[in-house]
Amino acid sequence: MYEEMDKLIEKASILIEALPYIQKLYGKTVVIKYGGNAMINDKLKNWVMEDITLLKYIGVNPIVVHGGGPEINSVLKKLNVESQFVNGLRVTDMQTMEVAQMVLVGKTNKELVSMLNQKGGKAIGICGIDGNLIQARKHYEIVNGEKVDLGYVGEVVSINAKVLEMLAKDEYIPVVAPIGVGEDGTSYNINADTVAAEIAKAIKAEKLMFMTDVEGLKYDKNSSEIISAISADEVLKMIDEGKIDGGMIPKVLGCIDALKHGVNRTHILDGRIPHCILLEIFTDKGIGTMIHL
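Basically the working numbering = 1-based index in the sequence shown + 7.
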């Protein structure tokens, strides 16, 4: 009996620990870039959907931005189309663009919306074309001082924040696919990390969270010690020293850019940890790495 009571008291203590964080975040917006292994592993995907739904039920407004690289690669492979990348960006010809749009908007997005709705959420799937949410232009990558044409790869010009504000007001959870639209109606494939940061900036989000397949930032990659908090200046120094590289660069640069434009907190989370979103937001210790100015 006493053992059972102790367990109940422990649960109550966890809820009380979360109380100040719930009070602080009530009515605020949290942008979550959802990607990595948490999108592939069914158990992790289920836990993420539970976390997001719970946020909405306690008065936080989550906005989900998702990628879908592995699924795009899989479809292209079936079509015997080889995936090519330049500085981590997918070279996107017309056929690849059609596949990316089909997978991101028609498959991945709708699967996430369906899962959130099954959890009791009120999710709605959109991409940058809907309501001109993500207005974009063609992106040229600079390689060795030369401009490289990547095809239908875009960069964000502006975000129509009113679309997201309207959905939040009506208690929806927006799930955003990173497809943008140009002035002439051309669709562009845009890096999902960049889209998440641009959305967080546009709506002045309280938090921007990137789910990854790493524990967090480390001063030494061979060390088990995770950096719990780090300044933007230190992050830039780590990039220069080669301690942050590859796909992590757009994430940390997105964090810094968001901070400079009014977002209060940015985080790099290990999406392989069950309920990583709740653990970061509602516990004293948190997980992963927080980047601040």
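Positions of the beta carbon are idealized from the N, C-alpha and C atoms, including for glycine.
Item to check | Beta-carbon separation (whole angstroms), ILE79 vs VAL106, contact threshold 8 Å | outcome: Within the sequence shown, residue 79 is the residue found at index 72, counting from 1. Within the sequence shown, residue 106 is the residue found at index 99, counting from 1. With 8 Å as the limit, ILE79 and VAL106 qualify as a contact, their Cβ atoms being about 6 Å apart.
Item to check | Unbroken stretches of the beta strand (DSSP E), 3 residues or longer, contained in the segment 74-136 | outcome: 130-134
Item to check | Residues bridged to GLY249 [DSSP beta-bridge criterion] | outcome: For the purposes of this step, residue 249 is taken as residue 242 along the sequence shown, with counting starting at 1. Paired residue(s): none; GLY249 is not in a bridge.
Item to check | DSSP state of VAL38 mapped onto helix, strand, coil | outcome: Counting from one through the sequence shown, the residue named residue 38 turns up at place 31. Looking at VAL38 - three-state DSSP - the assignment turns out to be strand.
Checklist entry - Under the DSSP definition of a beta bridge, which residues are partnered with ASN196? => result Counting from 1 along the sequence shown, the entry for residue 196 is found at position 189. BP columns for ASN196 point to VAL160, ILE186.
Checklist entry - In chain order, what residues of the same chain have a beta carbon less than 7 Å from the beta carbon of ARG144, not counting five sequence neighbours either side? => result Along the sequence shown, one-based indexing puts residue 144 at 137. Cβ neighbours of ARG144 beyond the five flanking positions: GLY161, GLU162, VAL164, GLY189.
Item to check | Beta-carbon proximity check, ILE180 vs GLY127, cutoff 8 Å | outcome: Start at 1 with the first residue of the sequence shown, and residue 180 comes out as number 173. Start at 1 with the first residue of the sequence shown, and residue 127 comes out as number 120. By the CB criterion at 8 Å, ILE180 and GLY127 fall outside the cutoff.
Next on the checklist: Using 8 Å as the threshold, is the C-beta distance between VAL221 and VAL72 below it?
Outcome noted: For this step, residue 221 is matched to residue 214 along the sequence shown. For this step, residue 72 is matched to residue 65 along the sequence shown. In this structure, VAL72 does not lie closer than 8 Å to VAL221 by Cβ.
Item to check | For ASN229 and MET306, the rounded distance between their alpha carbons | outcome: The structure shown does not extend to residue 306, since the chain is modelled only from 8 to 300, so the question has no answer here.
Checklist entry - Is the distance from the Cβ of MET216 to the Cβ of VAL37 below 8 Å? => result If you number the sequence shown from 1, residue 216 lands on position 209. If you number the sequence shown from 1, residue 37 lands on position 30. Cβ atoms of MET216 and VAL37: closer than 8 Å.
Checklist entry - What three-state label does DSSP hand ASN68 in the structure shown? => result Taking the sequence shown and counting its residues from 1, one reaches residue 68 at position 61. Of the three classes helix, strand and coil, the one that applies to ASN68 here is strand, per DSSP.
Next on the checklist: Can you list, in chain order, the residues of its chain with a C-beta nearer than 7 Å to that of HIS268? Leave out the 5 residues immediately preceding and following it.
Outcome noted: Counted from its first residue, the sequence shown places residue 268 at position 261. Cβ within range, chain order: LYS208.
Checklist entry - How should ASN151 be labelled, buried or exposed, when 16 other C-beta atoms within 10 angstroms of its C-beta is the threshold for buried? => result Residue mapping note: residue 151 aligns to position 144 of the sequence shown, counting from 1. ASN151 is exposed by the Cβ-count criterion.
Item to check | LYS244 - DSSP class collapsed to helix/strand/coil | outcome: As a position in the sequence shown, residue 244 is number 237, starting the count at 1. Of the three classes helix, strand and coil, the one that applies to LYS244 here is helix, per DSSP.
Next on the checklist: Considering only the alpha carbon of each residue, which of VAL242, LYS35, THR219 lies closest to GLU213?
Outcome noted: Along the sequence shown, one-based indexing puts residue 213 at 206. Among VAL242, LYS35, THR219, the Cα nearest to that of GLU213 is on LYS35.
Checklist entry - Tell me, which residues are paired with GLU148 by DSSP? => result Start at 1 with the first residue of the sequence shown, and residue 148 comes out as number 141. DSSP, once it has assigned bridges, lists VAL155 as partnering GLU148.
Item to check | DSSP three-state assignment for LEU140, whether helix, strand or coil | outcome: For the purposes of this step, residue 140 is taken as the residue at position 133 of the sequence shown. Three-state DSSP puts LEU140 in coil, outside helix and strand.
Checklist entry - Whole-angstrom Cβ separation of SER194 and MET104, contact assumed at under 8 Å? => result Against the sequence shown, residue 194 aligns to sequence position 187. Against the sequence shown, residue 104 aligns to sequence position 97. Right, the Cβ-Cβ distance comes to about 6 Å (below 8 Å), so this counts as a contact.
Item to check | Inter-stretch contact (C-beta, 8 Å, three-pair minimum) for the segment 275-287 and the segment 54-68 | outcome: yes
Next on the checklist: Just to confirm my understanding: we take LYS211, look at its own chain, exclude 5 residues before and 5 after, and list those with CB closer than 6 Å. What are they?
Outcome noted: Taking the first residue of the sequence shown as position 1, residue 211 is located at position 204. These residues qualify, in order along the chain: GLY269.
Item to check | Contact check, LEU171 vs ILE206, beta carbons under 8 Å | outcome: Counting from one through the sequence shown, the residue named residue 171 turns up at place 164. Counting from one through the sequence shown, the residue named residue 206 turns up at place 199. Yes, Cβ-Cβ distance for LEU171 and ILE206 is below 8 Å.
Checklist entry - What span of residues does the alpha helix (DSSP H) with LEU276 cover, start to end? => result What you label residue 276 is simply residue 269 of the sequence shown in a count that begins at 1. Element bounds for LEU276: not the alpha helix (DSSP H) but the beta strand (DSSP E), 272-277.
Next on the checklist: Would LYS258 and THR219 be called neighbours here (beta carbons separated by less than 8 Å)?
Outcome noted: Sequence index remark: in the sequence shown, residue 258 carries index 251 (1-based). Sequence index remark: in the sequence shown, residue 219 carries index 212 (1-based). Result yes, Cβ atoms of LYS258 and THR219 sit closer than 8 Å.
Next on the checklist: Quick check on DSSP: helix, strand or coil for THR290?
Outcome noted: By 1-based counting over the sequence shown, the position of residue 290 is 283. Coil at THR290, not helix or strand.
Next on the checklist: Just to confirm my understanding: we take ALA203, look at its own chain, exclude 5 residues before and 5 after, and list those with CB closer than 6 Å. What are they?
Outcome noted: Locating residue 203 in the sequence shown gives position 196, where the first residue counts as 1. Once the five neighbours on either side are set aside, the close Cβ partners of ALA203 are VAL38, LYS40, VAL72.
Next on the checklist: Alpha carbons only, please: which of ALA45, GLY295, GLN102, PHE289 is nearest the one belonging to LYS31?
Outcome noted: Translated into the one-based positions of the sequence shown, residue 31 becomes position 24. When each option's Cα is compared against that of LYS31, the closest is PHE289.
Checklist entry - So, helix, strand or coil for LEU215, using DSSP? => result For the purposes of this step, residue 215 is taken as residue 208 along the sequence shown, with counting starting at 1. The answer is strand: DSSP assigns LEU215 an E or B state.
Item to check | Own chain residues within Cβ distance below 7 Å of ASP277, not counting five before or after | outcome: Within the sequence shown, numbered from 1, the residue matching residue 277 stands at position 270. Closer than 7 Å at the Cβ level, and outside the excluded window around ASP277, lie THR219, VAL221, GLU222, GLY223, CYS283, ILE294, GLY295.
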